[in-house]
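Please read the structure below before turning to the comments.
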Amino acid sequence: MFKYLKQLTSLVAMVAVLFTFTTESMAAKKSKTLKNTQKKGFVRCGVSQGLPGFSNADAAGNWTGVDVDVCRAVAAAVLGDANKVKFTPLSAKERFTALTSGEIDILSRNTTWTLSRDADIGLTFVGVNFYDGQGFMVRKSSGITSVNQFKNGISACTNIGTTTELNMRDFFNSKGISYEPVAFEKADEVVAAYDSGRCDTYTTDKSGLAAQRTKMSNPDEHIVLPETISKEPLGPVVRQGDSVWEDIVRWSLNAMIEAEEYGITSANADSMKTSENPAIKRLVGAEGELGAAFGLDNEWSLRIIKQVGNYGESYKRNIADTGILPDRGPNQLWTKGGILYVPPAR
Amino acid sequence: MNFKLKDLGPQLITVIVVVLIFGFFTYNAQINMENRGIDFGYGFLSQESSFDVQFSLIEYDGSHSYFRAYLVGLLNTILVSVIGIIIATILGVIVGVARLSPNYLINKFAAYYVEFFRNIPLLLQIFFWYFAALRALPLPQDAEAIFGVFFLTIKGLYVPAFIWENFNIFFYSIVAAIIAIVVIRIHAKKLQESQGKQLPVFFISIGLIFILPLLSFLVGGVNLSFEIPKLKQLAATSYVYDGGLSLPPELIALTLSLSLYTATFIAECVRAGIQGVGKGQKEAAASIGLTPNQVLKLVIMPQALRIIIPPTTNQYLNLTKNSSLAAAIAYPDLVLVFAGTALMQTGKAIEIVSITMFTYLSLSISISILMNWYNKRIAIQEK
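Chains A and B, in that order, are what the protein sequence lines are.
Start counting the first sequence at 1; every next residue gets the next number (the working numbering).
Start counting the second sequence at 1001; every next residue gets the next number (the working numbering).
As structure tokens, then:
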């Protein structure tokens, strides 16, 4: 029955496009999304239906994950409280419709930034909060240790409606291997099908593989192959056409990353106000008028750091400590050998 | 003039209201899409789809267009609907008749089957057959051959493929047999009407349909060989069958659940139809010396069919529409391939959903027209 509900949501979203009147406000200067969010008192955020480490709800309905933290950061900046977020779980298929139809205001759902998505369908990607790549999972007992051992006739389970499907085709074509794609709509069904032996391999983003492995009946029986077959920069997305809102989301994410760079944590943020470094003072709101640029007060970034933490804290809490990907890999600061590099907040 | 205006008025108003409503929706959607920066257009249909599909009746891979992907999905939907309708009809008739059987065991068995399967939501049944029943099947390397050539495994049912030589001659022999049967039937009917003679048409037909194709093998140079699926190793513990034909488990699970579910409703239609024919009809037919077979064929069935067909049409429509639940278990039907993957890759939600809706509408209307035509044919000819 849950299936019907999901289809209903996307239908409602579509009907919403058909029905809603558009009210062109004269004060277009101020962000419509920001105004609506402040009026409602919560940030409307689209997340996954359950991907440990990124966006996952516990039994009590509390959402955690690095994708969730982006929305919490925006809520802290805009509304002053990181908990004022309404999360909407979305399937890969319905996520963009939900955003473009106005059902949600931020899509933070391990979504790959690609040219066609950015340019074509009324979306704007604001940044990258996780550098990922597509990989393959196989059973240990199969003896496969590299994608070069794949043979004609291999069956691969995956999700529909993702870049995964396209990368998989490119990969197998370039290797000249014939394969059987078995594509499900929900991740749980992909895992169930692979786990039962329907498919020889399971392919999706490596972070996803690591997270889903924990859901298998016996996680130790499976390994993720070392090869990465694609670039998957995952990041939050907003509707096209509201540049103020776009800036708020972008700089909320950037503030978290820059805070880590300058060593500002949720614990020491207040004491950093007296720092000698002007870059740090700007980030904790002790200097400059950065918030005014997008209609916020000056302590917007201080609230993000105090309530959500910097990027490193978020990563550690959600991905490293949960055993999903203890090694930060490319998701390390540029100063420490990774590729996280954000423009300066000044 | 006044009379006509009174007649036309309400109709005219209806037309205007409908046009206005559609115009309003179109205009509104257009404005909203423009504001959100969404382009509208069907040009994407000719673009390269760049995704593969697991199971297709026509040649297809990612280098074909989105339109081709649409056809793949449509044909897969039609395939599962047609197989489902055939199995559901056969099963439904058997169970419907069984429910009227004086044999206590058969009667109760049929009744329990109907009550059980029609009262469980279809989606649950699909999940059951796919995840519980089919998952219990062996891995390819553990599968036992059925009759030495069929292999039922978790990766699907593998059957021998036919390899024909001179297939066209075999095909013509079947066509010839069918034409001959039609001619003989017409002749037999005339003979019965003019002289009262009865030819054993049924046996002649059976004979023809076997003998002519057989002759094509013996003298026509037709040859048939089989390609039996062979086990192939992919990795230490991973195997697959190579060669032959493979039916994916998704198709099997979907067909099974759709047929078992819909058959219960058809069974009830059949039971209602037969019970709807007056008892006196049967007794009167028997009293003029018709055999039990003739009673059923000439008296009961023609009347029962009139009651059975219209509600059964509804069940055919339901089955076709229910096949869209395929998306839950990865069977690449229209909804999964087109309204799923293609929609996601292009972001053309309004275009794709409208095409999909229109397609299901056309499918349903086609079935309706066909069944209405059949219903008219068997209806009482008023003279």
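Quick reminder that beta carbons are idealized off the backbone N, C-alpha and C, glycines included.
Check whether the Cβ of residue i lies closer than 8 Å to any Cβ atom in chain B.
{"i": "A:P89", "result": "no"}
{"i": "A:S174", "result": "no"}
{"i": "A:R109", "result": "no"}
{"i": "A:T228", "result": "no"}
{"i": "A:R328", "result": "no"}
{"i": "A:A27", "result": "Legend: pLDDT at A:A27 = 31, less than 50; position of this residue unreliable, value from coordinates given subsequently. Taking Cβ atoms only, chain B never reaches closer than 8 Å to A:A27, which makes this a no."}
{"i": "A:L166", "result": "yes"}
{"i": "A:F184", "result": "yes"}
{"i": "A:P219", "result": "no"}
{"i": "A:P236", "result": "no"}
{"i": "A:P181", "result": "yes"}
{"i": "A:R169", "result": "yes"}
Under 8 Å between C-beta atoms, does residue i make it to chain A?
{"i": "B:F1040", "result": "no"}
{"i": "B:G1340", "result": "yes"}
{"i": "B:I1154", "result": "yes"}
{"i": "B:D1242", "result": "yes"}
{"i": "B:F1167", "result": "no"}
{"i": "B:L1370", "result": "no"}
{"i": "B:A1349", "result": "yes"}
{"i": "B:A1328", "result": "yes"}
{"i": "B:L1215", "result": "no"}
{"i": "B:M1344", "result": "yes"}
Does DSSP put residue i in a helix, in a strand, or in coil?
{"i": "A:Q134", "result": "strand"}
{"i": "A:R139", "result": "strand"}
{"i": "B:Y1027", "result": "helix"}
{"i": "A:N56", "result": "strand"}
{"i": "B:I1038", "result": "coil"}
{"i": "A:W63", "result": "strand"}
{"i": "A:I223", "result": "strand"}
{"i": "A:S217", "result": "coil"}
{"i": "B:I1146", "result": "strand"}
{"i": "B:G1156", "result": "strand"}
{"i": "B:G1084", "result": "helix"}
{"i": "B:R1099", "result": "coil"}
{"i": "B:I1378", "result": "helix"}
{"i": "B:D1061", "result": "coil"}
{"i": "B:F1051", "result": "coil"}
{"i": "A:F42", "result": "coil"}
{"i": "A:Y179", "result": "strand"}
{"i": "A:D205", "result": "strand"}
{"i": "A:V284", "result": "coil"}
{"i": "B:S1163", "result": "Note that residue 1163 of chain B is Ile in the sequence shown, not Ser. Correct three-state label for B:I1163: strand."}
Tell whether a beta-carbon distance below 8 Å holds between residue i and residue j.
{"i": "A:R44", "j": "A:T97", "result": "no"}
{"i": "A:L99", "j": "A:R213", "result": "no"}
{"i": "B:S996", "j": "B:S1065", "result": "A query on residue 996 of chain B cannot be resolved here, the shown segment of chain B reaching from 1001 to 1383 and no further."}
{"i": "A:R282", "j": "A:R346", "result": "yes"}
{"i": "B:I1329", "j": "B:I1204", "result": "no"}
{"i": "B:L1266", "j": "B:G1009", "result": "The sequence as given places Ile at residue 1266 of chain B; Leu does not occur at that position. Contact flag unset, no."}
{"i": "A:I223", "j": "A:M137", "result": "yes"}
{"i": "A:I106", "j": "A:G46", "result": "yes"}
{"i": "B:A1143", "j": "B:L1152", "result": "yes"}
{"i": "A:V308", "j": "A:D69", "result": "yes"}
{"i": "A:G161", "j": "A:K93", "result": "yes"}
{"i": "A:G133", "j": "A:K206", "result": "yes"}
{"i": "B:L1208", "j": "B:I1169", "result": "no"}
{"i": "A:G61", "j": "A:G53", "result": "no"}
Can you name the residues of chain D whose CB is closer than 9 Å to the CB of residue i?
{"i": "B:P1249", "result": "The question asks about chain D, but that chain is absent: this structure's protein chains are A and B."}
Legend entry - Contact set between the stretch 111–143 of chain A and chain B, restricted to residues whose Cβ is under 7 Å from the partner: Listed in sequence order: D120, I121, G122, R139, S141, S142 and G143.
Legend entry - Complete beta strand (DSSP E) runs within the stretch 1205–1275 of chain B (minimum length 3 residues, chain order): As far as the stretch 1205–1275 of chain B is concerned, its whole beta strand (DSSP E) runs of at least 3 residues are 1223–1227, 1230–1235, 1238–1242 and 1245–1247.
Legend entry - Residues within the stretch 191–209 of chain A neighbouring chain B, beta-carbon criterion of under 8 Å: Legend: CB atoms of the stretch 191–209 of chain A lying less than 8 Å from CB atoms of chain B belong to residues A192, A193, S196, G197, R198 and D200.
Legend entry - Near-chain B residues of the stretch 256–278 of chain A - C-beta to any C-beta below 7 Å: none
Inset, instruction - Identify each residue in the stretch 146–160 of chain A for which the Cβ-Cβ distance to at least one residue of chain B is less than 7 Å, and report them in chain order. - result: Q149, K151, G153, I154, S155 and I160
Legend entry - chain A contacts from the stretch 1111–1142 of chain B (Cβ-Cβ distance under 8 Å): P1121, L1123, F1131, R1135 and L1139
Inset, instruction - Output the residue ranges of the beta strand (DSSP E) runs that lie fully inside the stretch 95–168 of chain A and measure 3 residues or longer, sorted by chain position. - result: 123–125, 130–132, 134–139 and 154–159
Legend entry - Completely contained alpha helix (DSSP H) runs for the stretch 287–326 of chain A, where each covers 4 or more residues: 300–307 and 311–315
Inset, instruction - Taking a Cβ distance cut-off of 7 Å, strictly less, list which residues of the stretch 1009–1021 of chain B are near chain A, in chain order. - result: none
Legend entry - Interfacial residues, the stretch 74–102 of chain A to chain B, with Cβ spacing under 7 Å: Taking 7 Å as the Cβ-Cβ cut-off against chain B, the residues of the stretch 74–102 of chain A that qualify are A92, K93, F96, T97 and T100.
Inset, instruction - With 9 Å as the C-beta to C-beta threshold (strictly closer), list the residues of the stretch 1042–1062 of chain B near chain A in chain order. - result: S1050, F1051, D1052, V1053, Q1054, F1055, D1061 and G1062
Legend entry - Against chain A: residues of the stretch 1226–1238 of chain B by CB proximity under 7 Å: Flagged, chain order: K1232, L1234, A1235, A1236, T1237 and S1238.
Inset, instruction - Could I get the ranges of all uninterrupted alpha helix (DSSP H) runs contained in the stretch 1163–1200 of chain B, with 4 residues as the minimum, in chain order? - result: 1167–1195
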